[in-house]
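Single-structure report; data block below.
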Amino acid sequence: MKETLGFQTEVSQLLQLMIHSLYSNREIFLRELVSNASDACDKLRFEAIDQPGLFEGDAELGIRIEVDQAARTITISDNGIGMSRDEVIANLGTIARSGTREFFSKLSGDQARDAQLIGQFGVGFYSSFIVADRVTVLTRRAGAPAAEGVRWESEGTGEFTVEQLERPARGTEVILHLRPAAEGEDAASADDLLSAWRLKSIVRRYSDHISLPILMRKEQWNQEKGEQETLDEWETVNQASALWARPKSEITEEQYAAFYQHIAHDGGEPLAYTHNRVEGRSEYTQLLFVPSKAPFDLYDRQHRHGIKLYVRRVFIMDDAEQLLPSYLRFVRGVVDSADLPLNVSREILQESRDVKAIREGCTRRVLGMLEDLAENQADKYATFWKEFGQVLKEGLGEDMGNAERISKLLRFASSASDDDAQSVSLADYAARMKEGQAAIYYVTGDTPAAARNSPHLEVFRKKGVEVLLLTDRVDEWMLSFLHEFDGKPLVSVARGGLDLGALEDEAEKEEAARVADEFKDLVERVRGALGDRVKEVRITSRLTDSPACLVSDEGDISGHLERMLRQAGHKAPDRRPILEVNPRHPLVARLRTEETRFDDWSQLLFDQALLAEGGQLQDAPGFVRRLNAMLLAMSSGA
Numbered sequence: 001m002k003e004t005l006g007f008q009t010e011v012s013q014l015l016q017l018m019i020h021s022l023y024s025n026r027e028i029f030l031r032e033l034v035s036n037a038s039d040a041c042d043k044l045r046f047e048a049i050d051q052p053g054l055f056e057g058d059a060e061l062g063i064r065i066e067v068d069q070a071a072r073t074i075t076i077s078d079n080g081i082g083m084s085r086d087e088v089i090a091n092l093g094t095i096a097r098s099g100t101r102e103f104f105s106k107l108s109g110d111q112a113r114d115a116q117l118i119g120q121f122g123v124g125f126y127s128s129f130i131v132a133d134r135v136t137v138l139t140r141r142a143g144a145p146a147a148e149g150v151r152w153e154s155e156g157t158g159e160f161t162v163e164q165l166e167r168p169a170r171g172t173e174v175i176l177h178l179r180p181a182a183e184g185e186d187a188a189s190a191d192d193l194l195s196a197w198r199l200k201s202i203v204r205r206y207s208d209h210i211s212l213p214i215l216m217r218k219e220q221w222n223q224e225k226g227e228q229e230t231l232d233e234w235e236t237v238n239q240a241s242a243l244w245a246r247p248k249s250e251i252t253e254e255q256y257a258a259f260y261q262h263i264a265h266d267g268g269e270p271l272a273y274t275h276n277r278v279e280g281r282s283e284y285t286q287l288l289f290v291p292s293k294a295p296f297d298l299y300d301r302q303h304r305h306g307i308k309l310y311v312r313r314v315f316i317m318d319d320a321e322q323l324l325p326s327y328l329r330f331v332r333g334v335v336d337s338a339d340l341p342l343n344v345s346r347e348i349l350q351e352s353r354d355v356k357a358i359r360e361g362c363t364r365r366v367l368g369m370l371e372d373l374a375e376n377q378a379d380k381y382a383t384f385w386k387e388f389g390q391v392l393k394e395g396l397g398e399d400m401g402n403a404e405r406i407s408k409l410l411r412f413a414s415s416a417s418d419d420d421a422q423s424v425s426l427a428d429y430a431a432r433m434k435e436g437q438a439a440i441y442y443v444t445g446d447t448p449a450a451a452r453n454s455p456h457l458e459v460f461r462k463k464g465v466e467v468l469l470l471t472d473r474v475d476e477w478m479l480s481f482l483h484e485f486d487g488k489p490l491v492s493v494a495r496g497g498l499d500l501g502a503l504e505d506e507a508e509k510e511e512a513a514r515v516a517d518e519f520k521d522l523v524e525r526v527r528g529a530l531g532d533r534v535k536e537v538r539i540t541s542r543l544t545d546s547p548a549c550l551v552s553d554e555g556d557i558s559g560h561l562e563r564m565l566r567q568a569g570h571k572a573p574d575r576r577p578i579l580e581v582n583p584r585h586p587l588v589a590r591l592r593t594e595e596t597r598f599d600d601w602s603q604l605l606f607d608q609a610l611l612a613e614g615g616q617l618q619d620a621p622g623f624v625r626r627l628n629a630m631l632l633a634m635s636s637g638a
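Everything in the sequence shown is counted per the UniProt record's numbering, starting at 1 for the first residue and increasing by one.
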């Protein structure tokens, strides 16, 4: 029985984009379909380790491409794992990957940008509709009866049909019915994909690295007819050997890029790669890539799809998370082990000493790649940091053994720069510290503007001392592990008891002590007016323009972290900040003479400081009332 079903909404949108030729390079469809066929064969090989019967007497896996010029069709077939009816509907009727809603929200109508997004998203099968106005899929899952074959068909509109058929062969055939030349398009150009020679050149360009044979029918020139004729013989048109197993000297940059696009389902090129054969206690080959764009699910720590594991060139699993730590989950690539058993499970991977050695080796190689980019290719490293910097910061808490290397790779925005680009390393900062400066100073904030305009920076601007601006959500967590760099402690400018050390001369320290004694009575009165809202009130020399600021005592949670925890729905520890007041500010001077509205003005001073650090008022109407009263009093001279 034939069923007609509707595409998932996101697929319908995607197909419309495909049909309107968002891909500037039409050839891409063949690369995607060949990659899918290769994956299907890999999956069969893996499942057959425990269930040899799935081979059904045919263990020679391969991919075939056929052209029928009369029918205007291209058929890509494989004898891999195949699909059941439910799998056909799930895989071809929906995009079963997290982030789809966000993906479509980013589509802009800008063809170049949208094409890049689609390539990044990895929607390989749907690229068929770039060249075809109808696609037919014939498939049967390995191990299923011949009667459980499935036929799927769609014209790339809002619907597709599914029906059961008799199919003796396992695996999948994708039949593309090529669309005719569009209005104004040259017919010969539209039909160029019906040339076997053209398809072979596309395969050699994009899929030469596929380790399975890709077969096409041989052709020879018929002298009598004066044309090419197709023979009944098949020939392998790719090298059909694992690219990572070849000597590096035999592999071109284009082949490395094509292989990356195959395993990452990414239309772009990698920022960097490393290809090595490791011998010793563990013997394995690694081919690892750093992408140039972050995937949409980068921050989903449970969704792992980075490293493919092979054992002696036999595919084992797609997302071997044990081969790299979580903070390097953006890396794509292949590890091929000579030591692990073919029936290795995730449980065995967790306990294996060989896997631990591979993990350590891969981590060192990736960090080495990043160090090389940072030192020798600053533009590329800036791109990397923009895309993956927040994830790399997680490594300070996850990988203590490499914490020092990771800390050297960190980049931050700085008060010394006019822009908010995160381009300053800790080594850069340390190299330009002022004479007498003993610490690396930083401020955290919800946004770059909030951090740059924080009142806590005022004395540092006055003295020309650089402060790092930390505004990523992961920064507060990172700072619980990053306490110093090159022997210099990291100090928050928003912490209580700020000691500028040699940056303050003796005269300044004596003046600060004198002023603190002079304002002692005022401090006590403000402390009484604020009650439990503050832990302490004191005079400060860190402010030059603002009347007051809030700081956290040593060991207490910062205001920034408190807000982040509450926004995430977590219970934050009760925080009682310290209020520091600027004795040189006119408002503070006026407060000393205020009698009738002293408590209100003290509350107003606290609320202003809370707003300045990005906090939220508990009593906004009360703040407005007190502010209005103060403005009226000052305007009337009262």
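Glycine included, each C-beta is placed from N, C-alpha and C at the ideal position. What you are looking at is a predicted structure, and each value in this text was computed from that prediction instead of being measured.
Cα-Cα, which of Arg625, Arg405, Val237 and Cys41 is closest to glycine 82? Residue mapping note: residue 82 aligns to position 82 of the sequence shown, counting from 1. For the options Arg625, Arg405, Val237 and Cys41, the alpha carbon positioned closest to that of glycine 82 is the one of Cys41.
Compare the C-alpha of serine 77 against each of Thr4, Leu342, Val174 and Gly143 and name the closest. For the purposes of this step, residue 77 is identified with residue 77 of the sequence shown, where counting begins at 1. The shortest Cα separation from serine 77 among Thr4, Leu342, Val174 and Gly143 belongs to Val174.
Rounded C-alpha distance that separates tyrosine 260 from arginine 31: Position 260 of the sequence shown, counted from the first residue, corresponds to residue 260. Position 31 of the sequence shown, counted from the first residue, corresponds to residue 31. Between the C-alpha atoms of tyrosine 260 and arginine 31 there is a straight-line separation of about 12 angstroms.
Cα-Cα separation between glutamine 223 and methionine 216, rounded to whole angstroms: The residue you call residue 223 lines up with position 223 of the sequence shown. The residue you call residue 216 lines up with position 216 of the sequence shown. Computed Cα separation, rounded: 22 angstroms.
Hey, quick one: how far does the alpha helix (DSSP H) through threonine 252 stretch, first residue to last? Counting from one through the sequence shown, the residue named residue 252 turns up at place 252. The continuous stretches of alpha helix (DSSP H) do not include threonine 252, and DSSP gives it neither H nor E.
For leucine 194, the nearest candidate out of Glu66, Arg170 and Gly268 (CA to CA): As a first step, residue 194 must be located in the sequence shown, where it is residue number 194. Of the residues Glu66, Arg170 and Gly268, the one whose Cα lies closest to the Cα of leucine 194 is Glu66.
Please classify histidine 456: does DSSP put it in a helix, a strand, or coil? Looking up residue 456 in the sequence shown gives position 456. Annotated three-state conformation of histidine 456 is helix, per DSSP.
Does the count of Cβ pairs from the segment 288-295 and the segment 397-409 closer than 8 angstroms reach three? No contact exists between the segment 288-295 and the segment 397-409.
Given proline 573, which residues of its chain have a CB within under 6 angstroms of its CB, disregarding the five upstream and five downstream residues? Numbered from 1 along the sequence shown, position 573 holds the residue referred to as residue 573. Only Ile557 meet the Cβ criterion.
Does DSSP put alanine 181 in a helix, in a strand, or in coil? Taking the first residue of the sequence shown as 1, we reach residue 181 at position 181. Coil at alanine 181, not helix or strand.
Rounded to whole angstroms, what's the CA-CA distance from proline 448 to leucine 468? Just pull it up for me. Sequence index remark: in the sequence shown, residue 448 carries index 448 (1-based). Sequence index remark: in the sequence shown, residue 468 carries index 468 (1-based). Each residue's alpha carbon lies about 11 angstroms from the other.
Can you grab the Cα-Cα spacing for the pair glutamate 580 / arginine 405, in whole Å? In the sequence shown, residue 580 corresponds to position 580, counting from 1. In the sequence shown, residue 405 corresponds to position 405, counting from 1. Cα atoms of glutamate 580 and arginine 405: separation of roughly 38 angstroms, rounded to the nearest angstrom.
Same chain only: Cβ atoms within 7 angstroms of isoleucine 251, ignoring 5 sequence neighbours per side: Here residue 251 refers to the residue found at position 251 when the sequence shown is read from its first residue. Counting only Cβ-Cβ distances below 7 angstroms, and skipping sequence neighbours, we find Leu243.
Would leucine 470 pass as a contact of valine 443 if the rule is Cβ separation under 8 angstroms? Locating residue 470 in the sequence shown gives position 470, counting from the first residue. Locating residue 443 in the sequence shown gives position 443, counting from the first residue. Between leucine 470 and valine 443, the C-beta gap is smaller than 8 angstroms, which places the two residues in contact.
Please specify which runs of the alpha helix (DSSP H), each continuous and at least 4 residues long, are wholly inside the segment 434-490, giving them in chain order. Counting only runs that start and end inside the segment 434-490, the alpha helix (DSSP H) elements of at least 4 residues fall at 448-452, 458-463 and 475-479.
Beta-carbon proximity list for glutamate 166, same chain, < 7 angstroms, skipping 5 on both sides: The residue you call residue 166 lines up with position 166 of the sequence shown. Cβ neighbours of glutamate 166 beyond the five flanking positions: Ala146, Ala147 and Gly149.
Chain-order list of residues whose beta-carbon lies under 8 angstroms from that of residue 642 (same chain, five-residue window excluded): No information on residue 642 is available, as it lies outside the stretch 1 to 638 that the chain covers here.
In this structure, does DSSP put glutamine 51 in helix, strand or coil? Taking the sequence shown and counting its residues from 1, one reaches residue 51 at position 51. Here glutamine 51 sits in coil by DSSP.
Beta-carbon proximity check, glutamate 466 vs arginine 432, cutoff 8 angstroms: Numbered from 1 along the sequence shown, position 466 holds the residue referred to as residue 466. Numbered from 1 along the sequence shown, position 432 holds the residue referred to as residue 432. Inclusion of glutamate 466 and arginine 432 in the CB contact set at 8 angstroms is warranted, their separation being smaller than that value.
Can you tell me the Cα-Cα spacing of lysine 356 and aspartate 446, whole angstroms? Numbered from 1 along the sequence shown, position 356 holds the residue referred to as residue 356. Numbered from 1 along the sequence shown, position 446 holds the residue referred to as residue 446. Their backbone Cα atoms lie some 38 angstroms apart in a straight line.
Return the CA-CA distance between leucine 349 and threonine 274, expressed in angstroms with no decimal places. Position 349 of the sequence shown, counted from the first residue, corresponds to residue 349. Position 274 of the sequence shown, counted from the first residue, corresponds to residue 274. Approximately 23 angstroms, taken between the alpha carbons.
Whole angstroms is fine: what's the gap from glutamate 394's alpha carbon to arginine 277's? Position 394 of the sequence shown, counting from 1, holds the residue named residue 394. Position 277 of the sequence shown, counting from 1, holds the residue named residue 277. Each residue's Cα considered, the two are about 28 angstroms apart.
To the nearest whole angstrom, what separates the beta carbons of valine 135 and leucine 176, a pair I think is in contact under 8 angstroms? By one-based count along the sequence shown, residue 135 stands at place 135. By one-based count along the sequence shown, residue 176 stands at place 176. 6 angstroms between Cβ atoms; contact.
With H, G and I counted as helix, E and B as strand and the rest as coil, what does DSSP make of alanine 272? As a first step, residue 272 is located in the sequence shown; it is residue number 272 there, counting from the start. Looking at alanine 272 - three-state DSSP - the assignment turns out to be strand.
Between the CA atoms of serine 546 and leucine 631 - distance to the nearest angstrom: Looking up residue 631 in the sequence shown gives position 631. Looking up residue 546 in the sequence shown gives position 546. Those two C-alpha atoms are separated by around 17 angstroms.
Compute the distance between the beta-carbons of tyrosine 549 and alanine 451, then report whether it is under 8 angstroms. Within the sequence shown, numbered from 1, the residue matching residue 549 stands at position 549. Within the sequence shown, numbered from 1, the residue matching residue 451 stands at position 451. The sequence given here has cysteine at residue 549, not tyrosine. No; because the gap between Cβ atoms is not below 8 angstroms, this pair is not in contact.
Please identify the residue among Ile214, Gln437 and Ala48 whose C-alpha is closest to the C-alpha of serine 35. One-based indexing of the sequence shown puts residue 35 at position 35. Of Ile214, Gln437 and Ala48, the smallest CA-CA separation from serine 35 is found for Ile214.
In terms of alpha-carbon separation, which member of Asp192, Ala144, Ser211 and Pro586 lies closest to arginine 170? As a position in the sequence shown, residue 170 is number 170, starting the count at 1. When each option's Cα is compared against that of arginine 170, the closest is Ala144.
Measure how close the beta-carbons of leucine 287 and valine 311 come, nearest whole angstrom, since I'm counting them as under 8 angstroms. Here residue 287 refers to the residue found at position 287 when the sequence shown is read from its first residue. Here residue 311 refers to the residue found at position 311 when the sequence shown is read from its first residue. For a cut-off of 8 angstroms, the C-beta gap from leucine 287 to valine 311 is around 15 angstroms, too long to register as a contact.
Taking all protein chains shown into account, decide if glycine 119 is buried (16 or more other Cβ within 10 angstroms of its Cβ) or exposed. Start at 1 with the first residue of the sequence shown, and residue 119 comes out as number 119. Summary for glycine 119: the model assigns pLDDT 41, below 50, so the residue's position carries little reliability; its value from the coordinates is reported in the next sentence. By the neighbour-count rule (16 or more Cβ atoms within 10 Å), glycine 119 is buried.
Among Gln228, Thr285, Ala257 and Leu627, whose alpha-carbon lies nearest the alpha-carbon of serine 207? To locate residue 207, count along the sequence shown from 1; it is residue 207. Distance check between serine 207 and each of Gln228, Thr285, Ala257 and Leu627 places Ala257 closest, using alpha-carbon atoms only.
Expressed to the nearest angstrom, what Euclidean distance is found between the alpha-carbon atoms of leucine 231 and glutamine 220? Sequence index remark: in the sequence shown, residue 231 carries index 231 (1-based). Sequence index remark: in the sequence shown, residue 220 carries index 220 (1-based). C-alpha separation (whole angstroms): 7 angstroms.
Less than 8 angstroms between the C-beta atoms of alanine 90 and isoleucine 63, yes or no? Here residue 90 refers to the residue found at position 90 when the sequence shown is read from its first residue. Here residue 63 refers to the residue found at position 63 when the sequence shown is read from its first residue. Result no, Cβ atoms of alanine 90 and isoleucine 63 do not sit closer than 8 angstroms.
Residue closest to asparagine 628, alpha-carbon to alpha-carbon, out of Pro577, Leu61, Gln255 and Trp601: For this step, residue 628 is matched to residue 628 along the sequence shown. Measuring from the Cα of asparagine 628, the nearest candidate turns out to be Trp601.
Can you check DSSP and say which residues form a bridge with aspartate 336? Walking along the sequence shown from the start, residue 336 turns up at place 336. DSSP lists Thr285 and Tyr310 as partners of aspartate 336.
Please go through the same chain and pick out, in chain order, the residues whose beta-carbon is closer than 6 angstroms to the beta-carbon of phenylalanine 623, but skip the five residues on each side of it. Looking up residue 623 in the sequence shown gives position 623. If we look at phenylalanine 623 and ignore the five residues flanking it on each side, its Cβ neighbours are Asp607 and Leu617.
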